[in-house]
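J.:
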Amino acid sequence: MNAPYIGQSIKRKEDQRFLTGGGTYTDDVSAVNQTHAYFLRSPHAHANIRSIRLDQARAAPGVVGIFTGADLAAAKVGTLPCGWLITDVNGQPMKEPPHPCLAQGKVRHVGDQVAVVIAETLNQAKDAAALIEVDYDVLPAVVNAADARKPGAAVLHDGVPDNTSYVWALGAKDAVDKAFATAKHVTTLEFINNRLIPNAIEPRAALAQYSRADDSYTVHVANQNPHVERLLMTAFVLGLPEHKVRVIAPDVGGGFGSKIFLYAEETVITWAAKQVNRPVKWVCERSDSFLADAHGRDHVTKAELALDKNGTFLAMRVQTTANLGAYLSTFASSVPTILYATLLAGQYTTPAIYCEVTAVFTNTVPVDAYRGAGRPEATYVVERLVETAAREMNISPAELRRKNSITQFPYQTPVALCYDTGNYEATLAQAMKLADVAGFEARRKQAADRGKLRGLGYSTYIEACGLAPSNIAGALGARAGLYEAGEVRFHPTGTVSVFTGSHSHGQGHETTFAQVVADKLGIPVENVDVVHGDTGRIPFGMGTYGSRSLAVGGSAIMKALDKIIAKGKKIAAHLLEASDTDIEFKDGVFSVPGTEKKKTIGEVAFAAYVPHNYPLDKLEPGLNEQAFYDPTNFTYPAGSHICEVEIDPDTGATKVINFTAVDDFGNVINPMIVEGQVHGGLAQGIGQALLEGCVYDAASGQLLTGSYMDYAMPRADDLPSFTVDTRVTACTHNPLGVKGCGEAGAIGSPAAVINAITDALGVKDIAMPATAQTVWRTLQSKSKKK
Amino acid sequence: MHTFDYHRPATLKDAVALLKKTENARPLAGGQSLTPALKMRLAQTPALVDLGALEELRTIKLEAAVLTIGAGVRHSEVAESKDVKIGLPVLAKLAAHIGDRQVRNMGTLGGSLANNDPAADYPAAVLALSATIHTNRRSIPADKFFTGLYETALKPGEIITSVEFPLPKRAAYVKFKQPASRFALVGVFVSEGGGQVRVAVTGAANSVFRLKDMEKKLGEKFAPEAIAKVKVSADKLNSDLHAAADYRAHLISVLAQRAVGEALGGK
Chain A
1 MNAPYIGQSI
11 KRKEDQRFLT
21 GGGTYTDDVS
31 AVNQTHAYFL
41 RSPHAHANIR
51 SIRLDQARAA
61 PGVVGIFTGA
71 DLAAAKVGTL
81 PCGWLITDVN
91 GQPMKEPPHP
101 CLAQGKVRHV
111 GDQVAVVIAE
121 TLNQAKDAAA
131 LIEVDYDVLP
141 AVVNAADARK
151 PGAAVLHDGV
161 PDNTSYVWAL
171 GAKDAVDKAF
181 ATAKHVTTLE
191 FINNRLIPNA
201 IEPRAALAQY
211 SRADDSYTVH
221 VANQNPHVER
231 LLMTAFVLGL
241 PEHKVRVIAP
251 DVGGGFGSKI
261 FLYAEETVIT
271 WAAKQVNRPV
281 KWVCERSDSF
291 LADAHGRDHV
301 TKAELALDKN
311 GTFLAMRVQT
321 TANLGAYLST
331 FASSVPTILY
341 ATLLAGQYTT
351 PAIYCEVTAV
361 FTNTVPVDAY
371 RGAGRPEATY
381 VVERLVETAA
391 REMNISPAEL
401 RRKNSITQFP
411 YQTPVALCYD
421 TGNYEATLAQ
431 AMKLADVAGF
441 EARRKQAADR
451 GKLRGLGYST
461 YIEACGLAPS
471 NIAGALGARA
481 GLYEAGEVRF
491 HPTGTVSVFT
501 GSHSHGQGHE
511 TTFAQVVADK
521 LGIPVENVDV
531 VHGDTGRIPF
541 GMGTYGSRSL
551 AVGGSAIMKA
561 LDKIIAKGKK
571 IAAHLLEASD
581 TDIEFKDGVF
591 SVPGTEKKKT
601 IGEVAFAAYV
611 PHNYPLDKLE
621 PGLNEQAFYD
631 PTNFTYPAGS
641 HICEVEIDPD
651 TGATKVINFT
661 AVDDFGNVIN
671 PMIVEGQVHG
681 GLAQGIGQAL
691 LEGCVYDAAS
701 GQLLTGSYMD
711 YAMPRADDLP
721 SFTVDTRVTA
731 CTHNPLGVKG
741 CGEAGAIGSP
751 AAVINAITDA
761 LGVKDIAMPA
771 TAQTVWRTLQ
781 SKSKKK
Chain B
1001 MHTFDYHRPA
1011 TLKDAVALLK
1021 KTENARPLAG
1031 GQSLTPALKM
1041 RLAQTPALVD
1051 LGALEELRTI
1061 KLEAAVLTIG
1071 AGVRHSEVAE
1081 SKDVKIGLPV
1091 LAKLAAHIGD
1101 RQVRNMGTLG
1111 GSLANNDPAA
1121 DYPAAVLALS
1131 ATIHTNRRSI
1141 PADKFFTGLY
1151 ETALKPGEII
1161 TSVEFPLPKR
1171 AAYVKFKQPA
1181 SRFALVGVFV
1191 SEGGGQVRVA
1201 VTGAANSVFR
1211 LKDMEKKLGE
1221 KFAPEAIAKV
1231 KVSADKLNSD
1241 LHAAADYRAH
1251 LISVLAQRAV
1261 GEALGGK
C-alpha cells in the first residue's frame, strides 16, 4: 500500500486483534484481589421502598460489602447529572429531578438500582442479593408518553406533578399558522417513533481500582468518552479531584450512543472500591442491559406540511411528546430538542417551521442518544410528510423533492442551522439510477403477477454532525465544550504516536486517522499508531458520538500536524543553513527549492531528540505537538435512500428487495470503512422500521421485550445486499473537508422503508415496526373499507 | 447459576440409576433450553445427569418403511444424515432450520421432544408423521405423548431412547418464524401415508395439536384448494406480543395450504 493513503480502502489495522481474539475489552482486564459486584434491581415499575433488610445477605458466604442508597446519601454521594439545560417556553429551566445512583426511598422503573452486593465471586454476590429483603409499596405506573400528562396519571417525582420536564419550542409559530391558513393543501400525519433498545455486542462493564498509596482511582469502563465520564463522575457525583482519577476505555465492542452516558453502576463501584479497599468489577449481563442501558427514540408526534397548489412547501408544524423515561440521562434533554427540531428543514426550502416538544417522565428506562439521536426522528417526520404529500397531490415523490430542494449554499434554515454545502440533486439522481427507479413499475407488475405487492420509498435526509461551536452550544444549554483534542508525537527514530480524544468502539479510527497522519507527514502508514481511550495518556477529549470523530477529532490532529510541520521547518532550516521561510515540506521531505538541500522528516525528528546540531537558543528540543479544535459550524452530511420492498399479502411478511443509499459525507478517507458504517446504520434503521420495538406492559410497567426472545434485532437474512455509493461536496469549514458518516444509515432509512411499505399497500401510514402481523392487519382493514 | 452436582454416565442404565438416586435430578440432553434457564437462575436442580455420552442413543437407522433416530442425535446430524435425506427428507430440512447453527450442533431430538416447547419444530413432525417415542420403559404413540405446555407423557426418570418415524408417501413442513426468537410463530406439518393424512400445528397454542377438519378434507382430496375454506378457530390459540390468535389462525390456514402444495412437489 503506497501513499497517498487518503481515499484508499486500507484494511483495518485493529481487525487483526479483533478477529483473532486479541482485543482487550473491559472484562478482559482483571486486578489482583478483585471482587465482583452485582446490582439488585427493582422488579417493580414504580414503588416506595418501606425498608431494606440486609442482615441475612451480609452474612452470606463471600460477601465483602453491600451498599444501598442510604449509604450513598450518608457519604454525600451526589446524583447523576444531565449535561444539557433546556429552558421551558415559560422561561423556567427544565425540571431536573435527582437521578440517584442507588434508589433513595423510591424506585421508578423496572431495573432501577436498589443495592449493590460486592462479593468474592459473582455467584456469591447473586446468592447474597437474593437474600436482601426489600419491602415495596407498589404504586401505579405510567409508561407511555401519551399517558404521562393525563389527569390521574402516576406521578414519578416530587415537584413535577405533571411528569413534565419541559415544554420547548423552536420556530415562528405565527408565521407558520398564517401559512397553514392560506395553504391549498395540508398533509397531516400522526405517528409514534418507536422506542429502541441499543444492544451493543459488548455489554457495559467496569473495573474500579483504588490505590491507598496515593489516594487515586483507576477505572476501566466500556465507554465512548472517557474524559467526559471522568469529569461527570468526579465533579458532579463523587466529589473526587479529577487528577486522582484515571478512566480507561479500552477496546469497546460497540456503543451506538448507549456508552456515552455516565451510569450509576460504574459510579457506584468506583466509590465502593475505596470502601471495601479492593478492586471491584461489574459486567452487565444481557438481561440487565435491557433494563439498565439508556433506550432510544420514543416520540409521539403530530406533523403537518402546508403546500401551495403547485406543491411548493409553505410551512411545517410539528408537535411531539418525547418520553424521557424515569430520569434525565446524561444528554437526554438535548436529543428531542436541539438535535431534533433543528433538523426539520431537511433538504428543503420550507420557509416557516414551528416545532413544540413536550418532554415527559414515565416509569421506563431513561431514554437518551441512540445512533442518530433526534435526527432519525426528525428525518422520519420530514420524509414521511413529503412522501405522503406527493401521493396526496399526485406528484412523483422525486419531483416534489426536487421542486423544494435547497440548491444555493450557504443556506440558512428557519430552524437555526446554516448548511455550508451540499448537492442534493446529485445524490438523488445517482440513487434513482442505481435503484433502477425507471424499471420499477415493470417490477411491480411482475410481482403482482406472482401475487405479491411491491413498493418503492424515498428518503432524502440531512443530518447535522460535529455539534458545534462550543459558544453557541453553550448558549443553547450545553453544559460542556464540544471541541476535540489531539496530540502528535514523533519518536526519535521517526515513528509516530497519535493521541486523540475521539474514541473508537468499532469505527476504525486506528486506521482512518493513521491514513490522514501518514499522508500529511509523508511517512508509511504502518509507522503511525493511534492511541485513544485513556485519560492517563490523552491530553483531553470529548469522545465519540454524533458522527464527530473525523470532522472534529481529525481536525484537531490536523492542527497538531500543522504545528509539527511548522516546527520541523525551523529545525530543517537550521540543519540546511537556510531561512525557515524558504523551507518547503512535501511528501515527508523538507527542502530548499532550487537547491539540492533536503532533510527527511525522520532526520528532522532525530535532530529534535538528539539535538547536537540544533538551534537550542531559539527552539525547544523534541517534536511533539498538541492542539484543540473547536469547529465553527456543524457539518451537514446528506443523502438519498431508496427502498424497494415486496410484501406477501397472505402472511403480511415484508422483504426488503433492494436498498440504495447514495450519501454525501464530504471527502472520504477510507471508502471501505465508510461503506461499513453505512451498512451498519442501514441495518439499524431497517431494524427500527421492520423489527425492533420496545414494549412495556401499560398496566404493570413490566418490560415485555426483555430479551432476544421477544426483542427482534435485525439479522443478515433480514437485509438485502445494499447498494451504496457516495457523491462528494467537501465540508467548507474543516481542514479535511469531511462531514461524518456514522449515523446516516440509521437516520435516513426508516422513512424510506415505511414509504415503500405504504406505497406497496396503498395506505397512508403504518406503525413501526411494520411486522408481518401489522402489515396483515393493515391489509385486512383496507379490504374491509372497500 | 446455582450450584449442582454434574454426572456424565456412559450407559443408559447408569443414567437411570443416577436420576433415581437424587430427588429432582434433571437429565441434560443438548442443553439448549435447560442450560440457559439454569444460567439465568430460572431453573434449579441438585444434580444434572448429562446424557451426552450415551452412544446407544446416537444411531440413525433407515429400513424399508421406517426411520429410527436415536434420542441423542443432534439437529445438525439429522440435517446432514444421508439416511434421513433419503428416507425422510422433510425431517432433514426441518432439522436444518431449527434455531441457529450453534443450537443445531448441540440440541437433540430427544431433548426437544421431552421439553415440548410449544413453538418447537420436532413435535409437529412427530405428531404429523404418527411417530412412536421409545423410552427406557415403553413405547408411546405420538398422539399420547404431548400433553400440554412443556408437558409430556414422560414420567420422572423416564428417558427417551429413540423415535420411530413411519415413512410417509409425502410430507412437508412450513414454518413462519417469530421475528425475534425465530421459533415458529406458526408451523404446519402435513403428511400423507399409511392410509391417512395428518396435519400438525406448532407455535400456535399451548402444545402441538392436530387439525382434524383439514385432515378429513385432505383425505378426500390432497390439494391446497381442498382446505382453502376450512375455517381455523382462534379460540384456543395463543395471543401474545408477536401475534394475536386471529392472525395465528389465519397463518395456520395459509401455511397448511402451502405445506400441501410443497408436499405435492410444488416447491
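For the record, the sequence lines run as chains A and B.
Numbering-wise (the working numbering), the first sequence opens with residue 1 and increments by one.
Numbering-wise (the working numbering), the second sequence opens with residue 1001 and increments by one.
Beta carbons are placed, not taken as given, at the ideal position from N, Cα and C, and that holds for glycine.
On a predicted model such as this, the values are computed, not experimentally measured, just so you know.
1. Between A/Y696 and chain B, is any beta-carbon pair separated by less than 8 Å?
2. Any chance the region 305–315 of chain A sits against the region 244–263 of chain A, with 3 or more Cβ pairs inside 8 Å?
3. With a threshold of 8 Å between beta carbons, is A/L691 in contact with chain B?
4. Is B/K1039 buried or exposed, if buried means 16 or more other CB atoms sit within 10 Å of its CB?
5. Please name the residue, chosen from A/V592, A/A716 and A/L761, that lies closest to A/G652 on a Cα-to-Cα basis.
6. Examine the Cβ distances between the region 1018–1032 of chain B and the region 775–783 of chain A and report whether three or more of them are shorter than 8 Å.
7. Per DSSP, A/D529 forms a beta bridge with which residues?
8. Hey, how far is the Cα of A/K281 from the Cα of A/N123?
9. Between A/V221 and A/H295, how many whole angstroms is the CB-CB distance? I'm expecting something under 8 Å.
10. Would you check if there are 3 or more beta carbon pairs closer than 8 Å linking the region 342–362 of chain A to the region 150–160 of chain A?
11. With DSSP as the reference, label A/E356 as helix, strand or coil.
12. Below 7 Å on C-beta distance, what does B/L1048 contact in chain A?
13. Do B/I1086 and B/V1188 have their CB atoms nearer than 8 Å?
14. How long is the line joining the alpha carbons of A/T267 and A/I52, rounded to whole angstroms?
15. Can you name, in chain order, every residue of its own chain whose Cβ lies under 8 Å from the Cβ of A/D529, other than the five neighbours on each side?
16. With a threshold of 8 Å between beta-carbons, can B/M1106 be considered close to chain A, or not?
17. From B/H1250 to B/Y1122, what does the alpha carbon distance come to, in whole angstroms?
18. So who's on the other strand from A/S334, going by DSSP bridges?
19. Whose C-alpha, out of B/K1082, B/L1185, B/T1068 and B/D1235, is nearest the C-alpha of B/L1129?
20. So the beta strand (DSSP E) A/Y629 belongs to, where does it begin and stop?
21. Whether or not the region 393–409 of chain A and the region 469–489 of chain A are in contact is what I'm after, with contact meaning three or more pairs of Cβ atoms, one per stretch, closer than 8 Å; do they touch?
22. Mind checking A/M418: buried by the 16 CB within 10 Å criterion, or exposed?
23. If you drop the 5 nearest sequence neighbours on each side, which residues of the same chain put their C-beta closer than 8 Å to that of A/V775?
24. Across which residues does DSSP place A/N323 in a beta bridge pair?
25. Do A/R12 and A/G508 have their beta-carbon atoms positioned less than 8 Å apart in this structure?
26. Step through the CB atoms of chain B and report whether any lies within less than 8 Å of the CB of A/Q773.
27. Which residues does DSSP list as the beta-bridge partners of A/N48?
28. How long is the line joining the alpha carbons of A/P97 and A/F236, rounded to whole angstroms?
29. Applying the criterion that 16 or more other CB atoms from any shown protein chain within 10 Å of the CB defines a buried residue, is B/R1104 buried or exposed?
30. Kindly list, in the order they appear in chain B, the residues whose Cβ is closer than 9 Å to that of A/D710.
31. With distances taken from CA atoms, which of B/L1048, B/R1008, B/L1109 and B/A1095 is nearest B/K1175?
32. What span of residues does the alpha helix (DSSP H) with A/H227 cover, start to end?
33. At least one CB of chain B closer than 8 Å to the CB of A/L704: is that the case?
34. Where are the beta strand (DSSP E) runs, 3 residues long or more, that stay fully inside the region 199–270 of chain A, in chain order?
35. Please name the residues in the region 118–136 of chain A whose beta-carbon is closer than 9 Å to at least one beta-carbon of chain B, in chain order.
36. To the nearest angstrom, how far is the alpha carbon of A/D15 from that of A/D519?
T.: In short:
1. Answer no: the Cβ-Cβ gap between A/Y696 and chain B never drops below 8 Å.
2. The region 305–315 of chain A makes no contact with the region 244–263 of chain A, as fewer than three CB pairs between them are under 8 Å.
3. Yes, its Cβ sits closer than 8 Å to a Cβ of chain B.
4. Under a 10 Å Cβ-count criterion, B/K1039 is classified as exposed, with fewer than 16 other Cβ atoms of the shown protein chains found around its own Cβ.
5. Checked all of A/V592, A/A716 and A/L761; the closest Cα to A/G652 is A/L761.
6. By the Cβ rule, the region 1018–1032 of chain B does not count as touching the region 775–783 of chain A, because fewer than three pairs are nearer than 8 Å.
7. In DSSP, A/D529 forms a bridge with A/S497.
8. Roughly 13 Å between the two C-alpha positions.
9. Their Cβ separation, rounded to whole angstroms, is 20 Å, which puts A/V221 and A/H295 out of contact at 8 Å.
10. In short, these stretches touch, since the Cβ pair count reaches three.
11. In this structure, DSSP gives A/E356 an extended state, which the three-state scheme calls strand.
12. Ordered by position in chain A, no residue passes the 7 Å Cβ test against B/L1048, which lies about 16 Å from the chain.
13. No, they are not a contact pair.
14. Rounded to whole angstroms, A/T267 and A/I52 show a C-alpha spacing of 21 Å.
15. Here the set comprises T495, V496, S497, V498, E510 and A514.
16. No, B/M1106 does not count as interfacial toward chain A.
17. Their Cα atoms are separated by approximately 22 Å.
18. In the DSSP secondary-structure assignment, A/S334 is not bridged to any residue.
19. Nearest option by C-alpha distance: B/T1068.
20. N624 to Y629 is the span of the beta strand (DSSP E), which, as asked, contains A/Y629.
21. The region 469–489 of chain A makes no contact with the region 393–409 of chain A: fewer than 3 CB pairs, one atom from each, lie closer than 8 Å.
22. It should be noted that the sequence gives Cys, not Met, for residue 418 of chain A. A/C418 should be labelled exposed.
23. Around A/V775, the same chain offers I647, G652, A653, T654, I757, L761 and I766 as residues with beta carbons nearer than 8 Å, after the five sequence neighbours per side are excluded.
24. Beta-bridge pairing links A/N323 to A/V360.
25. The criterion of a C-beta distance shorter than 8 Å is satisfied by A/G508 and A/R12.
26. Closer than 8 Å: yes.
27. Beta-bridge pairing by DSSP links A/N48 to A/K106 and A/D137.
28. Rounded to whole angstroms, A/P97 to A/F236 spans 15 Å at the Cα level.
29. The residue in question, B/R1104, is buried, as its Cβ has 16 or more Cβ neighbours within 10 Å.
30. Result: Q1178, A1180, S1181, D1240, L1241 and H1242.
31. When each option's Cα is compared against that of B/K1175, the closest is B/A1095.
32. Element bounds for A/H227: P226 to L231.
33. Judged by the 8 Å Cβ criterion, A/L704 is in contact with chain B.
34. Note on the region 199–270 of chain A: whole beta strand (DSSP E) runs with a minimum of 3 residues are 205–211, 216–221 and 245–248, in chain order.
35. Listed by position along the chain: N123, K126, D127 and A130.
36. Distance from the CA atom of A/D15 to the CA atom of A/D519, rounded to whole angstroms, is 21 Å.
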